[in-house]
Structure formats: structure tokens, C-alpha cells
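*Asks:* Please see the structure below; I have some questions.
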Amino acid sequence: GAGVSQSPSNKVTEKGKDVELRCDPISGHTALYWYRQRLGQGLEFLIYFQGNSAPDKSGLPSDRFSAERTGESVSTLTIQRTQQEDSAVYLCASRRGTSVTYEQYFGPGTRLTVT
Amino acid sequence: RKEVEQDPGPFNVPEGATVAFNCTYSNSASQSFFWYRQDCRKEPKLLMSVYSSGNEDGRFTAQLNRASQYISLLIRDSKLSDSATYLCVGGNYGGSQGNLIFGKGTKLSVKP
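Those protein sequences? They're chains C and W, same order as listed. Each step along the first sequence adds one to the number in our numbering, with nothing skipped, and position 109 is 148. Each step along the second sequence adds one to the number in our numbering, with nothing skipped, and position 72 is 265.
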């Protein structure tokens with residue numbers, strides 16, 4: 040079946056502009072995650088959605104970052120007034136549910152470059 | 194102490210070698226564990242899930258030691274294609290970050 044998809048695959052933007060990244064999770068997966076990965080670094084948790092529960096936003100680095108998800112479908116991650124340090128790959132992942140035995144599947148990521 | 198810790202490596206091994214990575218976790222409530230591999234400039238892909246004492250899949254064996262709070266990944270007969278970064282993940286009921294904590298990864302380089 041279809042995996043997690045993300046768009047765009049690459050985004051180059053000028054410092055100060057807003058960007059919107061999109062994630063389509065696997066159908067039926069209620070849990071959705073956003074991570075950031077800078078070059079050569081590990082995964083940095085940003086935000087987690089589970090069904091209609093309030094999202095866990097504890098990883099968002101500043102108020103310039105926000106994310107939305109409607110129900111159990113598409114999610115968008117918005118970065119306002121982008122800075123050069125926002126340059127990274129933004130990865131989305133989904134899981135069937137919250138049981139810790141459920142495996143997590145990643146999308147191919149969006150590579151963001153802020154010039 | 195970080196919740197999930199890994200030796201960053203790099204581990205440089207010749208083809209055919211056996212290599213083992215350890216991953217330690219600090220939360221004794223962790224219920225499940227996963228190993229992912231991440232190729233350069235690609236997304237992480239699930240390699241193995243570990244729920245009880247361990248799991249084996251071909252050349253790959255994962256073992257869980259709850260008493261010492263570590264998980265190991267053993268790769269036998271290493272191939273050039275095994276070169277990647279291996280991520281250890283701990284799953285905790287009611288834990289932070291959506292119940293999944295990632296280690297920073299261990300880099301493996303298999304040489305001819």
C-alpha cells in the first residue's frame with residue numbers, strides 16, 4: 040500500500056519568508072509525528088498528533104513553528120519568518136496508534152534550504 | 194542522562210565481519226524497542242522490532258537485556274550495503290515525544 044508522502048521534496052526559500060510543508064500519513068494511521076534533522080545530526084522531535092487529542096507540541100523550537108492536522112488525515116507544518124538555522128530535512132512519520140508495539144513509518148522528508 | 198544512548202561510532206569493519214552495537218536506555222518502563230537504518234540523505238527505515246528477549250532476521254539479531262537496560266544489534270557477515278546509520282528507539286507507555294524516543298544513531302561503514 041501507499042506509504043507516508045511529503046511535499047514538496049525540496050524547498051528553497053529566502054530568509055524571512057513563510058513556508059508550509061505537507062504530510063500525508065498512511066491511511067488508517069492515527070498517530071503522526073514531525074521531526075527535524077540537521078545535516079549529520081540525529082532526529083529532533085517537533086510535534087505529535089494522536090487522533091483528536093491535543094497535540095504534544097513540546098518539541099517546537101519557537102513560536103515561529105506551528106502544525107495542524109485535521110482528524111486523522113493530512114498535516115501541515117508551517118514555519119514563519121524563516122531563518123537560516125531552520126535549514127534541515129523535515130521528516131514526517133505515522134503509526135497505526137499509540138500502542139508502543141506499533142511501528143513507525145517515515146516519509147521521504149522535505150529538504151528545506153533558507154538562503 | 195539521555196533516555197536512549199548510542200555509541201555514535203563510526204564503526205569501520207571489513208566485509209564479512211561481525212559487528213555489534215549497543216544501545217542503553219534509562220527508562221525502566223520502556224516496553225518495546227526498534228532498530229531503524231538510515232542511509233545517507235534518506236529517511237529512516239524500520240529494520241527490526243524487539244518486544245521480548247530478542248528477534249532474529251537473517252544476518253541481523255537484536256537482543257534485549259532488561260536487567261542491564263540495553264539492546265544490542267548484531268550483524269553477521271557484513272555487506273557493503275549494510276553501511277548506514279543505525280538508530281535505536283525506545284517505546285514507553287505514557288512517555289514523551291509520542292511514546293517513542295530516538296537515539297542519535299551509530300554509523301557503520303563496511304569496507305571491501
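We put the beta carbon where it would ideally sit given N, CA and C, even for glycine.
Suppose you measure from the CA of C/A132 to the CA of W/V206; what does that come to, to the nearest Å?
*Replies:* Within the first sequence, residue 132 of chain C is the residue found at index 93, counting from 1. Within the second sequence, residue 206 of chain W is the residue found at index 13, counting from 1. Cα to Cα, the separation comes out at about 31 Å.
*Asks:* Counting only beta-carbon separations shorter than 8 Å, does C/E142 have a partner in chain W?
*Replies:* Residue 142 of chain C sits at position 103 when you count from the first residue of the first sequence. Yes, C/E142 lies at the interface with chain W (some Cβ there is under 8 Å from its Cβ).
*Asks:* Please classify C/L151: does DSSP put it in a helix, a strand, or coil?
*Replies:* Along the first sequence, one-based indexing puts residue 151 of chain C at 112. Three-state result, C/L151: strand.
*Asks:* So with CB distances below 7 Å, who are the chain C contacts of W/K297?
*Replies:* Position 104 of the second sequence, counted from the start, is the residue given in the question as residue 297 of chain W. Under the 7 Å cutoff, chain C gives G81.
*Asks:* Since W/T217 sits in a beta bridge, which residues does DSSP pair it with?
*Replies:* For this step, residue 217 of chain W is matched to residue 24 along the second sequence. Looking at the DSSP assignment, W/T217 forms a beta bridge with W/E198 and W/Y263.
*Asks:* Flag this pair as yes or no: are the beta carbons of W/T278 and W/G298 separated by less than 8 Å?
*Replies:* One-based indexing of the second sequence puts residue 278 of chain W at position 85. One-based indexing of the second sequence puts residue 298 of chain W at position 105. Taking 8 Å as the Cβ cut-off, W/T278 and W/G298 qualify as a contacting pair.
*Asks:* Is it right to say C/A70 is buried, meaning 16 or more other beta carbons lie within 10 angstroms of its own, or is it exposed?
*Replies:* Your numbering for residue 70 of chain C matches position 31 in the first sequence. Buried, since its Cβ has 16 or more Cβ neighbours within 10 Å.
*Asks:* Would C/V43 pass as a contact of C/T152 if the rule is Cβ separation under 8 Å?
*Replies:* Indexing the first sequence from 1 puts residue 43 of chain C at position 4. Indexing the first sequence from 1 puts residue 152 of chain C at position 113. Against a cut-off of 8 Å, the Cβ pair of C/T152 and C/V43 comes out as no contact.
*Asks:* List the residues of chain C that W/P237 touches, going by C-beta distances under 7 Å, in chain order.
*Replies:* The residue given as residue 237 of chain W occupies position 44 in the second sequence. Neighbours of W/P237 on chain C, chain order: F145.
*Asks:* With distances taken from CA atoms, which of C/Y144, C/T154, C/T149 and C/R150 is nearest C/Y72?
*Replies:* Here residue 72 of chain C is taken as the residue at index 33 of the first sequence, counted from 1. That would be C/Y144, whose Cα lies nearest to the Cα of C/Y72.
*Asks:* If you check the beta carbons only, do C/Q119 and C/K54 fall under 8 Å apart?
*Replies:* To locate residue 119 of chain C, count along the first sequence from 1; it is residue 80. To locate residue 54 of chain C, count along the first sequence from 1; it is residue 15. No; because the gap between Cβ atoms is not below 8 Å, this pair is not in contact.
*Asks:* With a threshold of 16 other CB atoms inside 10 Å of the CB of C/D125, please say whether the residue is buried or exposed.
*Replies:* By one-based count along the first sequence, residue 125 of chain C stands at place 86. Counting Cβ neighbours within 10 Å, C/D125 comes out buried, since at least 16 surround it.
*Asks:* Between the beta-carbon of W/A139 and the beta-carbon of W/S276, is there less than 8 Å?
*Replies:* It is not possible to answer for residue 139 of chain W, since the shown part of chain W is limited to 194 through 305.
*Asks:* From the DSSP output, in three-state form, read off C/G81 for me.
*Replies:* Here the question's residue 81 of chain C lines up with position 42 in the first sequence. Coil.
*Asks:* With DSSP collapsed to three states, give me the class of C/E142.
*Replies:* On the first sequence, residue 142 of chain C is found 103 positions in, with the first residue counted as 1. Three-state result, C/E142: coil.
*Asks:* Quick check: C/L85 and C/R77, are their CB atoms within less than 8 Å of each other?
*Replies:* On the first sequence, position 46 is the one that residue 85 of chain C refers to. On the first sequence, position 38 is the one that residue 77 of chain C refers to. No, they are not a contact pair.
*Asks:* Flag C/G67 as yes if its beta-carbon sits less than 8 Å from any beta-carbon of chain W, otherwise no.
*Replies:* On the first sequence, residue 67 of chain C is found 28 positions in, with the first residue counted as 1. No, no contact with chain W.
*Asks:* Would W/G284 pass as an interface residue toward chain C - the criterion being a Cβ-Cβ separation below 8 Å?
*Replies:* Here residue 284 of chain W is taken as the residue at index 91 of the second sequence, counted from 1. W/G284 counts as touching chain C.
*Asks:* Would you mind sorting W/K272 into buried or exposed? The rule is 16 or more other CB atoms within 10 Å of its CB.
*Replies:* Counting from one through the second sequence, the residue named residue 272 of chain W turns up at place 79. W/K272 is exposed by the Cβ-count criterion.
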